[in-house]
Amino acid sequence: MLAFHSVVLYLYEKMTGDSPVAKRRRSDMEGVPLLLKILASSVPVADKSGGLIRDVLEKGDLGVVKKGWNDLQTEADRAAQRCIVASLSKSFPNVTIIGEEETDPNEDIKPDWVETSLDENILKHVSNFPEEWKDVKDEDIVIWVDPLDGTAEYTQGLLDHVTVLIGIAVKGKAVAGVIHQPYYNYKAGPGATLGRTIWGMVGLGAFGYTQKQPPKGKNIITTTRSHSNKVVTDSVDACEPTEVIRVGGAGHKVLLLIEGEVHAYVFASPGCKKWDTCAPEAILTAIGGKLTDIHGSKLQYHKEVQHKNTAGVLATFSVDHQWYLDKIPQSAKDALKP
């Protein structure tokens with residue numbers, strides 16, 4: 001009889017994604033700040049969407065759609081966004097969520113795509129949670145979602161460039177974020193455990209990676225692999241790089257930055273959007289780095305804000321941000337207005 005009850009409970013959980021244990025746990029969450037709960041939900045949601053991205057590639061039918069010049073969408077983008085938006089909307093129905101991909105709100109979502117669990121390791125930070133974020137309300141928050149950052153690289157097999165980005169903004173400021181790499185460790189060969197998740201919050205720090213300092217005596221810059229032009233190239237060259245690493249995805253570039261592979265991320269172009277930068281900016285800020293436009297202005301993440309980062313992106317960690325700002329040519333600054 002006990003075994004039968006366990007099977008019924010398992011089936012109930014699979015169908016609803018809402019076990020009695022989970023219900024009881026959420027009822028005990030009354031003292032946990034909303035922002036911490038959203039972050040604790042976002043990590044397992046990002047992990048789940050990463051699994052969907054791997055599944056699509058394994059099946060081989062990417063379902064590529066061209067949204068615009070040099071702007072692709074695949075079935076993996078669509079599936080990952082449905083998973084993320086449905087999951088977070090179920091847990092936080094009054095929070096604004098803005099995603100890169102257009103999806104049908106009436107489309108049925110597979111029950112096992114809805115992830116409502118909470119990361120217990122994140123919830124442990126309730127004891128040292130920053131005071132300034134404790135009273136944040138639903139209407140203060142916008143969640144910016146890029147379900148698959150680095151789509152072009154995904155279709156070309158450059159899988160280490162691919163990330164899932166979930167950024168959490170409070171009153172227009174990037175405050176917390178999750179960067180999931182579905183294919184982290186994929187070069188280790190068959191049987192290797194794939195994927196890792198980095199998360200952070202301003203006032204708490206960042207977790208899930210090993211922080212390193214970039215090489216001394218060098219000036220390594222990362223920039224776009226697929227959206228370059230003369231303004232982009234001139235701006236990078238003006239920063240006097242000893243080496244330029246061209247990769248896809250804003251999330252991947254910021255990971256190179258915080259792991260000490262590069263000194264700066266320079267992108268003098270309106271080619272990226274708020275969902276590309278919210279999570280990376282929050283994580284970078286959490287460890288003392290900076291992400292601004294090329295004029296040095298902070299990006300805004302209100303729900304009414306235009307989605308394009310019209311004045312480009314400059315990000316640094318452990319180096320003088322102002323030095324790079326001063327090196328950006330005036331012609332680039334004149335061409336890219338906020």
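Note that our numbering gives residue 53 to position 53 of the sequence shown, counting from 1, and the numbers run on in steps of one.
Glycine included, C-beta positions come from ideal geometry on N, C-alpha and C.
Are the Cβ atoms of G200 and A286 separated by less than 7 Å? yes
Going along the chain, which residues of its own chain have a beta-carbon closer than 6 Å to the beta-carbon of Q181, five neighbours each way excluded? T163, R196
Between the CA atoms of G189 and A264 - distance to the nearest angstrom: Rounded to the nearest angstrom, the two C-alpha atoms are 31 Å apart.
If you check the beta carbons only, do Y301 and A174 fall under 7 Å apart? Cβ distance < 7 Å, so Y301 and A174 count as in contact.
What residues in its chain sit with their C-beta under 8 Å from that of E259, if we drop five residues either side in the sequence? Y209, T210, Q211, K212
So if DSSP puts W323 in a beta bridge, which residue, or which two residues, is it bridged to? BP columns for W323 are empty, so no partner.
Tell me the DSSP secondary structure of T233 in three-state form. Helix.
Unbroken stretches of the beta strand (DSSP E), 3 residues or longer, contained in the segment 161-215: 163-170, 173-181, 196-201, 205-207
Distance check for A315 and A273, CA to CA, integer angstroms please. The displayed chain sequence assigns Lys, not Ala, to residue 273. So the two alpha carbons sit approximately 15 Å from each other.
Cβ of T233 within 7 Å of Cβ of K253? Annotated as distal: T233 and K253, with beta-carbon spacing of 7 Å or more.
With DSSP collapsed to three states, give me the class of E243. Three-state result, E243: strand.
Where the beta strand (DSSP E) containing P147 begins and where it ends: Bounds of the beta strand (DSSP E) holding P147 are 141-149.
Rounded straight-line distance, which links the Cα of Q306 to that of V231: 22 Å
Whole-angstrom distance between Q156 and L57, CA atom to CA atom: 11 Å
Express the C-alpha separation of S226 and N70 in angstroms, rounding to a whole number. Here N70 scores only 45 on pLDDT, less than 50, and its place in the model should not be relied on; the value that follows carries that caveat. Between N70 and S226, the C-alpha separation is close to 8 Å.
May I ask which residues mark the beginning and end of the alpha helix (DSSP H) holding A40? 34-59 is the span of the alpha helix (DSSP H), which, as asked, contains A40.
What is the C-beta distance between P33 and F92, in whole angstroms, given that I count them as a contact (C-beta under 8 Å)? Their Cβ separation, rounded to whole angstroms, is 13 Å, which puts P33 and F92 out of contact at 8 Å.
Can you list, in chain order, the residues of its chain whose CB lies under 6 Å from that of K14, leaving out five sequence neighbours each side? Interpretation of K14 is limited by its pLDDT of 39, a score under 50 that renders its predicted location unreliable; the figure taken from the coordinates is listed afterwards. None.
Where does the unbroken beta strand (DSSP E) through A315 begin, and where does it stop? 313-316
Keeping to the same chain, check which residues put their C-beta closer than 7 Å to that of L336; ignore five residues upstream and five downstream. A268, P270, I294, T310, A311, G312
Within a Cβ cutoff of 7 Å, which residues of the same chain sit near A80, ignoring the five residues on either side of it in sequence? Taken in chain order, the residues that qualify are S49, L52, I53, P147, L148, V164.
Figure out for me which residue from I198, Y186, E153, N185 has the closest Cα to the Cα of A76. E153
Name the DSSP beta bridge partners of I221, please? V244, A264
Close-in-space but distant-in-sequence residues of the same chain around G68 (CB under 7 Å, 5 per side omitted): With a pLDDT of only 47 at G68, under 50, the local geometry of the prediction cannot be trusted, and the value read off the model is given with reservation. Hits under 7 Å: none found.
Taking just the CA atoms, how far does E243 sit from E107? 47 Å
Relative to the C-alpha of W144, which residue among A169, I122, K137 is closest? A169
Could you round the C-beta distance between K37 and L118 to whole angstroms and report it? I think they count as a contact, below 8 Å. Contact flag correct, Cβ pair sits at about 7 Å.
Compute the Euclidean distance between the alpha carbons of E120 and M29, then round it to the nearest angstrom. Their Cα atoms are separated by approximately 11 Å.
Do the CB positions of V236 and V202 come within less than 7 Å of each other? no
Beta-carbon separation (whole angstroms), V142 vs V43, contact threshold 8 Å: Under the criterion of beta carbons closer than 8 Å, V142 and V43 do not qualify as touching, at roughly 19 Å.
Would you check if the distance between the CB atom of V45 and the CB atom of S87 is smaller than 7 Å? yes
Between the alpha carbons of Y109 and T116, how many angstroms are there, rounded? With the sequence shown as reference, residue 109 is identified as Ile, and Tyr is not the correct amino acid for it. Approximately 14 Å, taken between the alpha carbons.
Output yes or no for whether 7 Å exceeds the beta carbon distance between H161 and V247. yes
Is C278 closer than 7 Å to G426 when the C-beta atoms are compared? An answer regarding residue 426 cannot be provided, because it is not within the stretch 1 to 338 covered by the chain.
Distance between beta carbons of D140 and N94, contact taken as under 8 Å: The Cβ separation is near 11 Å, so there is no contact.
For W323, count the other beta carbons within 10 Å of its own beta carbon; 16 or more makes it buried, fewer makes it exposed. Which is it? Under the 10 Å beta carbon count, W323 is surrounded by fewer than 16 other beta carbons and is classified as exposed.
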